[in-house]
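Down below is the structure, laid out as structure tokens.
Protein chains: 2
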Amino acid sequence: MLAGQMNMNANVLKQAQSYCEEHKYRLTQPRLQVLKIIGTSTKPLGAYDILEELGKVIANPKPPTVYRAIEFWQQHGFIHRIESLNAYVACEAGHQHKGSQFMICDDCGAVIETHLCELPKPLKDSTAKNTFTPSRWNLEIHGVCAACDSY
Amino acid sequence: MLAGQMNMNANVLKQAQSYCEEHKYRLTQPRLQVLKIIGTSTKPLGAYDILEELGKVIANPKPPTVYRAIEFWQQHGFIHRIESLNAYVACEAGHQHKGSQFMICDDCGAVIETHLCELPKPLKDSTAKNTFTPSRWNLEIHGVCAACDSY
DNA sequence: CCTAAAATATTATCCTATAACAGTTTCGAA
DNA sequence: TTCGAAACTGTTATAGGATAATATTTTAGG
Ligand SMILES: [Zn+2]
Ligand SMILES: [Zn+2]
Ligand SMILES: [Zn+2]
Ligand SMILES: [Zn+2]
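Residue numbers (our numbering), protein chains in the order written: chain L, 2 to 152; chain R, 2 to 152.
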């Protein structure tokens, strides 16, 4: 197995395929390949990392090709952007959600997505107190993962 | 009063001053002016917005000047970076904290910092379950603020 | 004073992302 | 079956955000 790669959850591609069929979106080569690249990486990938990988499977791709595919999968909940890293990861939840939580290991770069559908109560209370109506949220927790901590 | 500005909490500058004295940091013109600029803005400012403002008070500043000042105040907890906007705001808490929570109005651009010193329990549980040791976190909640919602 | 550390100035460049427009593919209605 | 609109991609250029590298200045302390 190549470093930085793992067997992608085959379901993700299947899911993507049926999602596209169902919603009449086109599962084009750029979209398919970009999803594969992000989905098989063990670490978040920057857009230009993806571009480089994409260059190995389609001819001479340019940034907009990558960014369009990223935008597409992001809008439909298949990938997330890690804001603090300018990088992208595949969603681990298997369904769309308004909020995301990531644990990001500053040692090894691994990202664990935890999945809470609801904003935790203290935070909900806080938005309520400010009469603020949340539409989406993103929590990025930096720290050290179990594997790295044991060294 | 100028649009986009308000009276800065005078305490912030005082606090910054005593903080620098106490820790033997230099409160230089770039640092002072950048903190003033961020602190008097009602909205998050991008680094190049700050650069433009800074150009009105010191001669011909360059990006590294701004970024160094940003880094300084950020490290010492006086300002925060809003990742989803590539922009910076003054801390509203008055003391350093490991975690930040922001409510960001997608209508008017206002940012409200809420202040919880602790990671909420469901999230703490989640990190504990993954034996992940958090060091810092950032939550950005997008939505609509009370003022905008009432239109 | 003189020196070392801290901080700034300057130049150039890198990384990230998007605007604008031309060309292609797809699918359904005429 | 063809043709037209919508969806999508290709290509070029550029905008926007951040930093590397090196030279110079400022400051505090011996
Ligand atoms: Zn997800
Ligand atoms: Zn790790
Ligand atoms: Zn704060
Ligand atoms: Zn608002």
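C-beta atoms are modelled at their ideal positions from N, C-alpha and C, and glycine is treated no differently.
Predicted model only: the values in this text are computed from it and were never measured.
| Asked | Found |
| --- | --- |
| Alpha carbon of residue 56 of chain L to alpha carbon of residue 88 of chain L, nearest angstrom | 18 angstroms |
| Distance cut-off 6 angstroms: residue 94 of chain R Cβ against heavy atoms of ligand 3 | yes |
| Bridge partners - residue 58 of chain L, DSSP secondary structure assignment | Answer is none; residue 58 of chain L lacks a bridge partner. |
| Straight-line gap, residue 9 of chain R to residue 85 of chain L (C-alpha atoms, nearest Å) | 28 angstroms |
| Against chain L: residues of the region 101-125 of chain R by CB proximity under 8 angstroms | 102, 104, 106, 107, 113, 115, 117, 120, 121, 122, 123, 124 |
| The region 132-152 of chain R: positions lying closer than 7 angstroms to chain L by Cβ | 132, 133, 134, 135, 136, 137, 138, 139, 140, 141, 142, 143, 144, 145, 146, 147, 150 |
| Local conformation of residue 32 of chain R per DSSP, three classes | helix |
| Contact the region 65-79 of chain R vs the region 105-122 of chain R: 3+ CB pairs below 8 angstroms | no |
| N-terminal and C-terminal residue of the beta strand (DSSP E) that residue 69 of chain R is part of | It is not in any beta strand (DSSP E) - residue 69 of chain R instead sits in the alpha helix (DSSP H) that spans 64-76. |
| Under 7 angstroms from the C-beta of residue 84 of chain R: neighbouring residues of chain L | 84, 85 |
| Residue of R/25, R/68, R/103, R/63 minimising C-alpha distance to residue 134 of chain L | R/103 |
| Distance between residue 58 of chain L and residue 6 of chain R (C-alpha atoms, nearest Å) | Unreliable placement is indicated for residue 6 of chain R, whose pLDDT of 46 sits below 50; the coordinate value is still reported in the next sentence. One C-alpha to the other measures close to 51 angstroms. |
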